[in-house]
Amino acid sequence: MSATFTLAAELRTDTGKGASRRLRHAGKVPAIIYGADKEPTMLAFRHDDIMHACEDEAFFSHILSIDVKDGNTENVIIKDLQRHPSKVQIMHADFQRFDSTQALHVNVPLHFVNEENCAGVKAGGLIAHLMTEIEVSCLAENLPEYIEVDMTDLDNGESIHLTELKLPEGVSSVIMSQGEGHDQAIASIHTPRGEKSEDEIEEEEEGGTESEE
Numbered sequence: 012m013s014a015t016f017t018l019a020a021e022l023r024t025d026t027g028k029g030a031s032r033r034l035r036h037a038g039k040v041p042a043i044i045y046g047a048d049k050e051p052t053m054l055a056f057r058h059d060d061i062m063h064a065c066e067d068e069a070f071f072s073h074i075l076s077i078d079v080k081d082g083n084t085e086n087v088i089i090k091d092l093q094r095h096p097s098k099v100q101i102m103h104a105d106f107q108r109f110d111s112t113q114a115l116h117v118n119v120p121l122h123f124v125n126e127e128n129c130a131g132v133k134a135g136g137l138i139a140h141l142m143t144e145i146e147v148s149c150l151a152e153n154l155p156e157y158i159e160v161d162m163t164d165l166d167n168g169e170s171i172h173l174t175e176l177k178l179p180e181g182v183s184s185v186i187m188s189q190g191e192g193h194d195q196a197i198a199s200i201h202t203p204r205g206e207k208s209e210d211e212i213e214e215e216e217e218g219g220t221e222s223e224e
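With our numbering as the guide, the letters of the sequence shown map in order to residues 12 to 224.
This is the structure:
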């Protein structure tokens, strides 16, 4: 993990909808930290701080350091962000403590590489991203910033599946732990609608030749 994220927070004692509304009007985000067999901690963050952090996708797949004013520093992962349905505003944030000796379940983004040099694209195909992230299980020290998906050899009509991902050492796919029946496609290449693939063209040409004979 190359990036580091540290957020400053303040403890809050008032709870309820009214208290949360007042925080939001003051440009703050109500939040909670829970887990690791400790009592939940109610916090408030500057809205701009969290919004700025969210601009980096790595924020969602990293260990975060929360510096609590007049308190301790907490190492956490983000579990949920509640956003306003129509405004660019974060309404609430949930963070989870973790035990460094126990596996975490975290959604990690997929980075698709070599798409322009992909065999299917060179043949006129279009790439469809069926997943943009996957849930992984690993210790905090092994948590990847992202998982790379090499598209080089993918041809028209083909898909790349979860089992074909090269996961870092110590990292496993949560859904694949449920069995091979959950081996979902994460990307595919198809011929644009209205266009014919090379195989279809060759089949038609062969058929035409046979009929002429």
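C-beta atoms are modelled at their ideal positions from N, C-alpha and C, and glycine is treated no differently.
Model, not experiment: these values are computed from the prediction.
Out of Glu21, Ser148, Gly192, point me to the one whose CA is closest to Asn3's CA. The structure shown does not extend to residue 3, since the chain is modelled only from 12 through 224, so no value can be given for it.
For Ser31, which three-state DSSP category applies? Of the three classes helix, strand and coil, the one that applies to Ser31 here is helix, per DSSP.
Apply the 10 Å Cβ neighbour rule to Thr220 and answer buried if 16 or more other Cβ atoms are within range, or exposed otherwise. Summary for Thr220: the model assigns pLDDT 49, below 50, so the residue's position carries little reliability, and this model does not support an answer.
Outcome for Glu224 when other beta-carbon atoms lying within 10 angstroms are tallied against a minimum of 16: With a pLDDT of 49 at Glu224, under the threshold of 50, the predicted position of this residue should be treated as unreliable, though the coordinate-derived value follows. With fewer than 16 Cβ atoms within 10 Å of its Cβ, Glu224 is classed as exposed.
Leu150 to Tyr157 span [Cα, whole Å]: Spanning the alpha carbons of Leu150 and Tyr157 requires a straight line of approximately 15 Å.
Given a cut-off of 8 Å, decide if Val185 and Glu159 are closer than it, judged by their beta-carbon atoms. Glu159 is not a Cβ neighbour of Val185, given a cutoff of 8 Å.
Mapping the DSSP letters down to three states, classify Val185 as helix, strand or coil. Coil, per DSSP.
If we ignore side chains and look at the alpha-carbon of each, how far apart do Thr24 and Val132 end up? One C-alpha to the other measures close to 56 Å.
Would Ala139 and His201 be called neighbours here (beta carbons separated by less than 8 Å)? Yes.
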